[in-house]
Each structure stands twice: as C-alpha cells, then as structure tokens.
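Colleague: Sequences listed follow chains X and C, in order. Under UniProt numbering, the residue at position 23 of the first sequence is numbered 23, and the numbers go up by one with no gaps. Under UniProt numbering, the residue at position 32 of the second sequence is numbered 32, and the numbers go up by one with no gaps.
Protein chains: 2
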Amino acid sequence: MLSKAQIKYIQSLQHKKNRQKSSQYIAEGDKIVQELLQAGMPVKAVYATGSWLEQHKSLLTGLPADAVKEVDNMVLKQLSALTTPNNAMALLDMPPADNSLPAEGTVVLALEAIQDPGNMGTLIRIADWFGIRQIICSPDCVDVYNPKTIQATMGSIARVQLKEQDIPTLLQQSKLPSYAATLHGKDITGFQAIKEGIILIGNEGRGLSDTVISLATHRITIPRLGGAESLNAAVAAGIICGRLLI
Amino acid sequence: MLSKAQIKYIQSLQHKKNRQKSSQYIAEGDKIVQELLQAGMPVKAVYATGSWLEQHKSLLTGLPADAVKEVDNMVLKQLSALTTPNNAMALLDMPPADNSLPAEGTVVLALEAIQDPGNMGTLIRIADWFGIRQIICSPDCVDVYNPKTIQATMGSIARVQLKEQDIPTLLQQSKLPSYAATLHGKDITGFQAIKEGIILIGNEGRGLSDTVISLATHRITIPRLGGAESLNAAVAAGIICGRLLI
Numbered sequence: 001m002l003s004k005a006q007i008k009y010i011q012s013l014q015h016k017k018n019r020q021k022s023s024q025y026i027a028e029g030d031k032i033v034q035e036l037l038q039a040g041m042p043v044k045a046v047y048a049t050g051s052w053l054e055q056h057k058s059l060l061t062g063l064p065a066d067a068v069k070e071v072d073n074m075v076l077k078q079l080s081a082l083t084t085p086n087n088a089m090a091l092l093d094m095p096p097a098d099n100s101l102p103a104e105g106t107v108v109l110a111l112e113a114i115q116d117p118g119n120m121g122t123l124i125r126i127a128d129w130f131g132i133r134q135i136i137c138s139p140d141c142v143d144v145y146n147p148k149t150i151q152a153t154m155g156s157i158a159r160v161q162l163k164e165q166d167i168p169t170l171l172q173q174s175k176l177p178s179y180a181a182t183l184h185g186k187d188i189t190g191f192q193a194i195k196e197g198i199i200l201i202g203n204e205g206r207g208l209s210d211t212v213i214s215l216a217t218h219r220i221t222i223p224r225l226g227g228a229e230s231l232n233a234a235v236a237a238g239i240i241c242g243r244l245l246i
Numbered sequence: 001m002l003s004k005a006q007i008k009y010i011q012s013l014q015h016k017k018n019r020q021k022s023s024q025y026i027a028e029g030d031k032i033v034q035e036l037l038q039a040g041m042p043v044k045a046v047y048a049t050g051s052w053l054e055q056h057k058s059l060l061t062g063l064p065a066d067a068v069k070e071v072d073n074m075v076l077k078q079l080s081a082l083t084t085p086n087n088a089m090a091l092l093d094m095p096p097a098d099n100s101l102p103a104e105g106t107v108v109l110a111l112e113a114i115q116d117p118g119n120m121g122t123l124i125r126i127a128d129w130f131g132i133r134q135i136i137c138s139p140d141c142v143d144v145y146n147p148k149t150i151q152a153t154m155g156s157i158a159r160v161q162l163k164e165q166d167i168p169t170l171l172q173q174s175k176l177p178s179y180a181a182t183l184h185g186k187d188i189t190g191f192q193a194i195k196e197g198i199i200l201i202g203n204e205g206r207g208l209s210d211t212v213i214s215l216a217t218h219r220i221t222i223p224r225l226g227g228a229e230s231l232n233a234a235v236a237a238g239i240i241c242g243r244l245l246i
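(1) Can you find the residues in the same chain that come closer than 6 Å, C-beta to C-beta, to Ile167(C), ignoring five residues on each side of it along the sequence?
(2) When you compare the CB positions of Ala81(C) and Gln14(C), do they come within less than 8 Å of one another, or not?
(3) Given that Asp116(X) touches chain C, what residues does it touch there, using C-beta distances under 8 Å?
(4) Determine the burial state of Gln24(C): buried for a count of at least 16 other Cβ atoms within 10 Å of its Cβ, exposed for fewer.
(5) Got a sec, what are the start and stop residues for the beta strand (DSSP E) Gln134(C) sits in?
(6) Considering only DSSP beta bridges, list what Arg219(X) is partnered with.
(7) Classify Leu183(X) as buried or exposed, calling it buried when 16 or more other Cβ atoms lie within 10 Å of its own Cβ.
(8) Just checking: is the beta-carbon of Thr84(C) within a distance shorter than 8 Å of some beta-carbon in chain X?
(9) Taking the C-alpha atoms as reference points, what is the distance between Trp52(C) and Asn18(C)?
(10) Could you list the residues in the region 209 to 226 of chain C with a C-beta less than 9 Å from some C-beta on chain X, going in chain order?
(11) My output table needs one value for Ile199(X): the three-state DSSP class, helix, strand or coil.
(12) Taking C-beta pairs closer than 9 Å, name the residues in chain X that Thr122(C) reaches, listed in chain order.
(13) For Glu104(X), does the count of other Cβ atoms within 10 angstroms reach 16, so buried, or fall short, so exposed?
(14) Can you find the residues in the same chain that come closer than 7 Å, C-beta to C-beta, to Phe191(X), ignoring five residues on each side of it along the sequence?
(15) If you draw a straight line from the C-alpha of Lys148(X) to the C-alpha of Gly29(X), how long is it?
(16) I need the DSSP call for Pro11(C), collapsed to helix, strand or coil.
(17) Within 8 Å (strictly less), CB to CB, does Met74(C) reach chain X?
(18) So, with DSSP's three-state summary, where would you put Ile26(C)?
(19) Counting only Cβ pairs nearer than 8 Å, list the residues of chain X close to Ile135(C).
(20) Distance, Cα to Cα, Val75(X) vs Ile26(X)?
(21) Can Ala236(C) and Ile222(C) be called in contact, C-beta distance under 8 Å?
(22) So which residues of chain C does Leu37(X) contact, with C-beta pairs closer than 9 Å?
(23) What are the start and end residues of the alpha helix (DSSP H) that includes Ala127(X)?
(24) Go to Gln161(C), then tell me how far its beta strand (DSSP E) extends in each direction, as first and last residue.
(25) Looking at the unbroken beta strand (DSSP E) that takes in Leu170(C), where does it start and where does it end?
(26) Between Ser80(X) and chain C, is the shortest Cβ-Cβ distance under 8 Å, so that the two count as touching?
(27) Have a look at Lys69(X) and Gln20(X) and give me their C-alpha separation to the nearest angstrom.
(28) Can you round the beta-carbon distance between Gly155(C) and Lys44(C) to whole angstroms, since I take them to be within the 8 Å contact cut?
(29) Name the chain X residues that come within less than 9 Å of Arg159(C), Cβ to Cβ?
(30) How many angstroms separate the CA atom of Met41(X) from the CA atom of Val142(C)?
(31) Are the CB atoms of Ala181(X) and Leu208(X) within a distance shorter than 8 Å?
(32) Please name the residue in Gln151(X), Ser230(X), Ile198(X) and Trp129(X) whose C-alpha comes closest to that of Ala90(X).
(33) Please determine, among Arg159(X), Ser174(X) and Met120(X), the residue with the shortest C-alpha to C-alpha distance to Leu225(C).
(34) Would you check if the distance between the CB atom of Leu60(C) and the CB atom of Val71(C) is smaller than 8 Å?
(35) DSSP state of Met89(X), grouped into three classes?
(36) Asp210(C) by DSSP, collapsed to three states: which one?
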C-alpha cells in the first residue's frame with residue numbers, strides 16, 4: 001500500500017521543477033522497469049501489480065522490502081503521467097552533475113536545444129543502438145527525465161549516460177574531433193567511419209547555433225536529393241550515425 | 001463566410017470513414033497549404049484568414065472565387081483537428097486508386113502496417129528528402145490523410161505520391177529488386193548505392209511480416225553496436241536511405 005503522501009510525491013515528479021528539487025524521477029513501463037533493474041540503475045522503489053512483482057521477483061532482490069510496493073491498476077493509473085498507464089513504475093535517483101570531458105577513444109552525442117520529449121527519447125534509443133554510451137544535453141534541452149522522453153527511449157535510458165553541459169564550453173575544452181550537422185557542410189558520404197568524436201545535433205526548427213557550428217572541427221551535411229527543406233532531428237542523427245559509426 | 005453545412009462537412013473529414021466516403025481530405029498549416037498550391041495538387045478550396053489570403057494572392061489565381069473563403073481565427077479553430085490551429089487550411093481530392101507497378105529506374109518506399117500517424121508523416125518527409133517520389137502503403141497502414149500525418153510531413157505530402165497496394169502482390173509482380181529491413185539480414189554496409197528498387201519498412205512493433213521478408217530479393221540489417229532492441233521505424237528508414245541512396 002502507498003500512503004497518500006507517497007502518491008502525492010510520485011505525482012509531483014511529473015513536473016520538472018519538482019524533479020529538480022528532489023533529484024528523483026519516475027520511469028513507467030513493464031520493460032523499462034525491468035531493464036533499469038537489470039542495468040543496476042539507482043532504483044529507489046518499484047510500484048507494480050502483484051502479478052508483475054511475482055513474475056520479476058529475481059530482479060527485486062537488491063531492494064529493501066519497503067521499497068517494493070504492490071499497487072493495483074487503479075492506483076497505477078492515478079500515479080501515471082501517461083495516457084496508457086503500465087503495470088510497473090520505478091522511482092530513481094538522478095545522477096549527480098558531471099562536468100568531466102568525454103574520454104579519448106569514445107563517441108558521444110551532444111544535443112543543443114532539442115525541444116520535443118519524443119525526439120529526445122528517440123535520440124537516446126539511437127545512441128544506445130549504435131553503442132554511444134554518453135549523451136551531453138545543452139541546458140536548454142527538454143528535460144531528459146520527462147515521462148514522455150523516458151517512455152520513448154524504450155528502455156535505452158538504462159544504458160546511456162545523460163548529462164547536462166554547456167556545448168560551446170565542451171567544444172572549447174575537449175580534444176576530440178566534432179561533427180556538426182548543418183545544411184551547408186561537407187557531404188557525409190565523404191567521411192570514413194570514426195572511432196572517436198562528438199556528434200552535434202541541433203534544435204528541431206533552427207538547427208545548431210552559429211557558435212556551435214563555428215567551434216566544431218567538421219561541418220557535415222546529409223545530401224538532399226528531393227524537395228524536403230529539412231529532416232526530423234532524430235532521423236538526421238540516425239542517418240549520421242549510420243554513416244559515421246558503422 | 002462558410003455555411004453551417006460546410007463547417008460540418010470539413011469537420012467530418014477528421015474521421016477516416018468520412019474521408020473515404022467523399023475521397024477528400026483537409027491539410028492544415030500556412031506552409032503546407034502554400035506548398036500544395038505551388039505543387040499543383042488538386043486543391044478544391046482554401047479557408048484562411050484575410051491577411052493570409054492577401055499575402056498569398058498569387059497562389060490562388062487558379063481557384064474559382066467561391067473556392068477561396070475568408071474565415072476568422074474562431075472559425076479556423078472550430079474547423080481544426082489539431083491542438084494548435086493554423087491560419088490556413090485546404091480541402092483536397094484524394095488521388096484515384098492506382099494499381100500500376102513502380103517504373104524501372106525508380107526507387108519507391110513500401111510500408112507495411114505502419115500505425116503511428118507521426119511516424120507515417122516522418123516517413124513521407126524522409127522519402128521527399130531523398131528524392132523518392134512514390135510511397136506504397138499496405139491496406140493496414142494508418143490513413144495517410146490523417147490530420148496528424150499531414151502535419152508531420154511538413155509539406156512533403158505535396159511532392160510524394162502516396163498509394164495503397166497489397167505489398168506481397170507488389171513484390172510478386174514487380175521486377176525491381178527489393179530490400180527488406182529486418183533484424184537478421186545482410187549488413188547494410190555491404191551494399192552499394194542503388195538506382196532502383198523497393199525499400200520495405202515494417203510495423204513499429206513487429207517489423208515486416210514473414211511473407212514480405214521471404215518475397216524480398218534482399219534482406220538488410222543496420223548493424224547494432226549497443227543494447228537497444230530495435231530502432232524507431234522512421235529512423236531505420238532514414239538510416240537505410242542514407243546508405244542505399246547517397
């Protein structure tokens with residue numbers, strides 16, 4: 001059973017300002033909760049139906065007994081931030097702020113001012129597919145702990161480290177090559193697969209800022225053969241990863 | 001001014017069964033309506049604010065005077081199927097059914113059971129970017145004339161021909177090579193750029209059907225370097241186009 005205060009607290013985490021104040025967030029969904037537990041993420045509590053808890057008993061052994069709460073579908077619906085509630089939710093700690101630079105020999109994705117929670121989730125999923133272990137978000141990106149974002153990652157949030165940094169500062173301090181996605185760069189088919197670097201993707205409407213474009217060591221463009229003015233930011237990131245990483 | 005009956009008719013086109021009965025659909029949005037008019041699509045009427053009509057007078061010369069209706073924002077809001085209504089809408093005829101096969105020397109995108117209107121719109125935009133002029137949808141795809149789909153195409157619906165066909169029949173009858181996106185095919189990096197063919201993308205959850213996979217001349221896979229189980233259908237299509245078409 002959950003107390004009224006606990007229900008109220010979980011509901012409050014639907015709002016960014018409350019998540020920031022408490023440094024906690026909620027992940028919803030059968031598969032996502034499983035993957036978070038499997039990946040050893042800092043899960044503080046699990047709220048799920050009796051049958052879900054029974055079925056995934058082995059995943060819950062690391063949690064104190066009072067952190068595993070059986071709730072019925074009515075309560076899950078009350079707790080959910082999504083239109084279609086799931087049969088399991090988890091409460092997690094956010095990672096501490098981290099200003100370290102990406103390590104040599106790694107590829108990271110850096111996102112500037114991505115606004116749509118669904119796009120953000122899809123970008124995390126793309127990173128996970130291509131083995132990118134770290135995403136750096138500019139402070140004006142949509143909150144990565146938004147319930148819709150977590151949902152759209154399809155569990156990839158368990159395997160990709162997310163951190164917030166100022167992108168121009170990152171580019172000034174890092175020695176890694178960087179690849180800025182723009183409409184006026186070098187044709188991406190002219191690049192070989194890379195082993196390290198920062199792939200830069202900008203806002204859905206205006207793309208990357210001039211500052212970021214000018215600081216990048218490479219400007220790259222997906223050649224356009226037809227009439228569309230632009231590509232969706234997540235699709236562009238996927239195409240770039242599909243050329244630079246495989 | 002619009003009559004009550006006209007308002008009711010336009011609103012009725014938010015529902016697939018009414019669109020199918022009348023073979024007409026609505027496109028919303030300043031830029032989309034402009035692009036549809038510029039592309040010479042079968043626009044039957046335009047409903048827009050006075051200032052929009054004044055600003056785009058030159059685009060409207062081909063329409064009979066009674067097909068151009070000035071409406072205020074209140075009426076546009078009433079007509080709109082979207083949460084954020086726009087200052088222009090167009091009424092269009094659907095193209096007639098077309099069972100012809102794709103021409104030699106062309107690339108087409110064939111979609112099986114795509115369910116999400118946003119994904120469908122993004123797929124149309126990807127096709128337009130890469131110069132694919134035709135998309136073939138299986139009968140169980142989401143309706144391409146869904147208002148959310150049209151919105152997500154960002155105007156690309158004006159440049160890509162959309163038609164509905166049975167995909168297995170298409171593959172049996174067409175002489176073009178076909179490329180089925182699956183999780184167990186040949187690594188896409190082993191393929192050269194193609195000049196003709198049918199690129200096959202399947203349902204968001206289950207991918208392509210076994211029938212379609214077995215009828216395709218090639219099975220292709222985007223190599224997975226990380227932990228994600230799958231990619232979003234539109235992202236996968238983008239990555240495949242980014243390998244096979246450029």
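All C-beta atoms in this analysis are idealised placements derived from N, C-alpha and C, irrespective of residue type, glycine included.
Modeller: In brief:
(1) Ala110, Glu112, Ser138 and Val212
(2) yes
(3) In chain order: nothing, as chain C lies at least about 10 Å away.
(4) buried
(5) Gln134 to Cys137
(6) Ala180(X)
(7) exposed
(8) no
(9) 28 Å
(10) Ile222, Pro223, Arg224, Leu225 and Gly226
(11) strand
(12) Leu231, Asn232, Ala234 and Val235
(13) exposed
(14) Ile220, Arg243 and Leu244
(15) 11 Å
(16) The sequence shown places Gln at residue 11(C), rather than the Pro named in the question. In this structure, Gln11(C) counts as helix in the three-state DSSP scheme.
(17) no
(18) strand
(19) Going along chain X, no residue has its Cβ under 8 Å from Ile135(C), so there is no contact; the nearest lies around 12 Å.
(20) 15 Å
(21) yes
(22) Ordered by position in chain C, no residue passes the 9 Å Cβ test against Leu37(X), which lies about 14 Å from the chain.
(23) Pro117 to Trp129
(24) Gln161 to Glu164
(25) Run containing Leu170(C): none in the beta strand (DSSP E); it sits in the alpha helix (DSSP H), Ile167 to Gln173.
(26) no
(27) 24 Å
(28) Gly155(C) to Lys44(C), Cβ: 18 Å. No contact.
(29) Gly226, Gly227 and Ala228
(30) 37 Å
(31) yes
(32) Gln151(X)
(33) Arg159(X)
(34) no
(35) strand
(36) helix
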